[in-house]
């Protein structure tokens, strides 16, 4: 079933609007092309509504936000909502500065997101800031492990219910949850944390999966997360003796380019909780 | 003759000022170094005139334009005109938003370009917006094919006559035309569309060829387009089983680094129409 | 002793705040990860003080400065000074425009830098602009060679005394000097000038070495410069027949990822003057 999500990306070739950081933007563009989508980047408030209207999905990443791009993020998000396009939020660094936290919270308030993808600490920051964590959730740890997985799943489902978005918490174990169902995903490789932007790339690619599978945001997100992790595994196997993190970066995108729906179907490692 | 154009780049090592998008800027810098030129990027209106004055050519790419870089593009373009430096316009996404279309048209009005390089849809947008298309041209198709090549050549020549610029329309078949002569170029490989920024890179490299061959803008542009396509072919032959679009991106720039004037001379596939 | 500097980076994993240009920012992030540090990029004036406070070091690079990032550079630099964090200045293009020269001079006036790293022409611009060059120094050549090395060393020491910063002048021979001691470093390979951003990457990596070795800025800087050069040598040896400048770029970062303290200790080629 997850393989079908990728097949749809390759068949529909969705155009994805990215308002994203300048650190990893080239990788985001290339991974979108690799998975079968097409990228466009535009962040001036005077054009983002038009650009979003041309596209099939919107990826908002606050990694190098500034006072000029924040209004563009909000305007584009609202326009995507009007058009019922999927919109993803990647709250990079939420919790690291007041500007990031407040911007992410403002975006949550003004835009209905289809998916929110971040690490556990970023997602916790949003959950606490929007007053949605109570009981068990307030205590969720800063790393998802086998030991605290049930607790983290409960937290993700609760935040999904609160926001109406699919919540994707990525780390050693990834959780992709709506209010009722969570995919716990064990694809990936620890070396992925040795390159910049695997998270940003995943957010861009997830938006493509959402755009090509608009009625199934939970499965589409799970498929993208499995695909990224699986490609991280395949790329790791390809590493030669002298290859380091920069070669690994390229091998992951190469693997996304080669990934077939069948491979994804067979290689996805997840359980539902 | 086209080989000589490259030889001049390697001999003169021109410094090229780029006001370009943040998506593909690193690749633009590296391809400039690969072909024998040197890059400098500067986009603040307070410094662009000075920077352009130091350089031998100016590359204006509107891929991630914003309200702060638009005035810088205009100021730099005017300064390059004053100094009789070659100036190239890459109207990325013209037609996709009013801001892009209007900015490209404003640039056309205020700056005399040596070359305008884009895909057929971007160039048509400019031609229609500046009121230069009539008769056959208004009907030119959205892809250049063997069937409509004569029509597309006529359109390119007409727009070249109107603007006084060499028009480079890149696609499956590339057209490089002034008012009288068109190079129809069949170098390249379809996989080039699977990576972001081959167009941006070509624009940067073309500016280097222009700067090193200031009296022959038509041949210099044709040489750069042939060189890019030829390197796309060579890079494709180099691809191993696991290589995907990201490796391909690197192999193209590597091939530009290795390309000799002789290879270019022998490998350029074009006819004049 | 220099090997120990790298060992400390790998052990302490310092978080480095970068306000840097958008041309080479991805490479800066990946080289920081490769050497054992972690990157964060943030350049909005509303958040840079908070971000710097979270970090162990600050890297300021003026490569694509603009009117919005200049105040952020100053604010972040002052905050780093308050917290006694190491701060590095990379005055990219100082001398190429009034905006760059004045910004670099203003930064020198308002921020106490731990290290200033640039090429000889950039450093000379700063030295002359801040009124610190007299006597022999005003005559220092535009390239450091064996013939003028003593003169360049004297210049570097004098500017170090004047600014209170370690001065790192990189080129065919690198000089890393405080007021009393200079490392003259002969690692590196000429091909490093064929890729964009080796200087920017070195500045980012040097900041990591400073953050992990806060009491030894001179040795830490020398270690980073030796490490970069050594990796440039190793990467050059790895080049295959078809590899060009883009592959070389990746191989350097890969080599940084693999570099061990022992290799650095043994491979560092320097003398003290």
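Chains as they are written, first to last, in our numbering: chain A, 1 to 273; chain B, 274 to 546; chain C, 547 to 819. Where is the CB? At the ideal position from N, CA and C, for every residue including glycine.
Item, Value
"Measure from the C-beta of residue 505 of chain B to each C-beta in chain C and report whether the shortest distance is under 7 Å.", "no"
"In chain order, which continuous runs of the alpha helix (DSSP H) of length 4 or greater are located wholly inside the stretch 408-461 of chain B?", "422-436"
"With 7 Å as the limit, tell me which residues of the stretch 317-350 of chain B have their beta carbon closer than that to any beta carbon of chain C; keep them in chain order.", "317, 319, 320, 323, 324, 327, 341"
"Would you call residue 673 of chain C buried or exposed, if buried means 16 or more other Cβ atoms sit within 10 Å of its Cβ?", "buried"
"Is the Cβ of residue 22 of chain A closer than 7 Å to any Cβ of chain C?", "yes"
"What does the alpha-carbon distance come out to for the pair residue 75 of chain A and residue 105 of chain A?", "15 Å"
"What residue from B:300, B:297, B:310 has the CA that sits closest to residue 289 of chain B's CA?", "B:310"
"Do residue 568 of chain C and residue 610 of chain C have their CB atoms nearer than 7 Å?", "yes"
"Evaluate the contact criterion for the stretch 384-397 of chain B versus the stretch 431-440 of chain B: three or more CB pairs, one atom per stretch, below 8 Å.", "yes"
"When you compare each of C:785, C:730, C:753 to residue 737 of chain C by their alpha carbons, which one comes out closest?", "C:785"
"Should residue 136 of chain A be flagged as near chain B, meaning a C-beta pair shorter than 7 Å?", "Only weak support exists for where residue 136 of chain A lies, its pLDDT of 39 falling under 50; the value from the coordinates is given anyway. Chain B, which has no Cβ nearer than 7 Å to the Cβ of residue 136 of chain A, makes this no."
"Assuming residue 739 of chain C is part of the alpha helix (DSSP H), what are its boundary residues?", "No alpha helix (DSSP H) contains residue 739 of chain C, which DSSP labels as neither H nor E."
"Which residues in chain A have a C-beta closer than 7 Å to the C-beta of residue 585 of chain C? List them in chain order.", "196"
"Count the other C-beta atoms from every protein chain shown that fall within 10 angstroms of the C-beta of residue 539 of chain B, then say buried if there are 16 or more, exposed otherwise.", "exposed"
"According to DSSP, simplified to helix, strand and coil, what is residue 802 of chain C?", "helix"
"Which residue marks the beginning of the beta strand (DSSP E) containing residue 312 of chain B, and which one marks its end?", "311-314"
"Mapping DSSP to helix, strand and coil, what is residue 31 of chain A?", "helix"
"Can you pull the chain B neighbours of residue 255 of chain A, defined as C-beta to C-beta under 9 Å?", "515, 517"
"By the criterion of Cβ-Cβ separation under 8 Å, what are the contact partners of residue 30 of chain A in chain B?", "468, 469, 518, 519, 522"
"Beta-carbon of residue 33 of chain A versus every beta-carbon of chain B: anything under 7 Å?", "yes"
"Nearest to residue 328 of chain B by CA position, among B:522, B:502, B:483, is which residue?", "B:483"
"Can you grab the Cα-Cα spacing for the pair residue 307 of chain B / residue 297 of chain B, in whole Å?", "15 Å"
"Out of curiosity, what's the CA-to-CA distance linking residue 233 of chain B and residue 397 of chain B?", "With chain B represented from 274 up to 546, any question about residue 233 of chain B goes unanswered, as that position is not in the structure."
"Do you know how far the Cα of residue 807 of chain C is from the Cα of residue 772 of chain C?", "12 Å"
"May I have the straight-line CA-CA distance separating residue 688 of chain C from residue 666 of chain C, to the nearest angstrom?", "6 Å"
"To be precise: take each residue of the stretch 626-654 of chain C, compare its Cβ to all Cβ atoms of chain B, and keep it if any distance is under 8 Å. Which residues remain?", "639, 642, 643, 644, 645, 646"
"By alpha-carbon positions, which one of B:424, B:545, B:529, B:486 ends up nearest to residue 330 of chain B?", "B:486"
"Mind reading off the beta-carbon distance from residue 88 of chain A to residue 59 of chain A? Whole number of angstroms is fine, and I expect it under 8 Å.", "5 Å"
"Are any of the Cβ atoms in chain A nearer than 7 Å to that of residue 571 of chain C?", "yes"
"Shortest alpha-carbon distance to residue 19 of chain A belongs to which of A:172, A:61, A:102?", "A:61"
"Mapping DSSP to helix, strand and coil, what is residue 661 of chain C?", "strand"
"Run through chain B and tell me which residues come within less than 8 Å of residue 238 of chain A, C-beta to C-beta.", "515"
"Measure the alpha-carbon distance for residue 417 of chain B versus residue 495 of chain B and round it to whole angstroms.", "17 Å"
"Is there a C-beta anywhere in chain A that falls below 7 Å from the one on residue 804 of chain C?", "yes"
"Under the three-state reduction of DSSP, which class applies to residue 57 of chain A: helix, strand or coil?", "strand"
"Could you give the distance in angstroms between the alpha-carbon of residue 374 of chain B and the alpha-carbon of residue 751 of chain C?", "41 Å"
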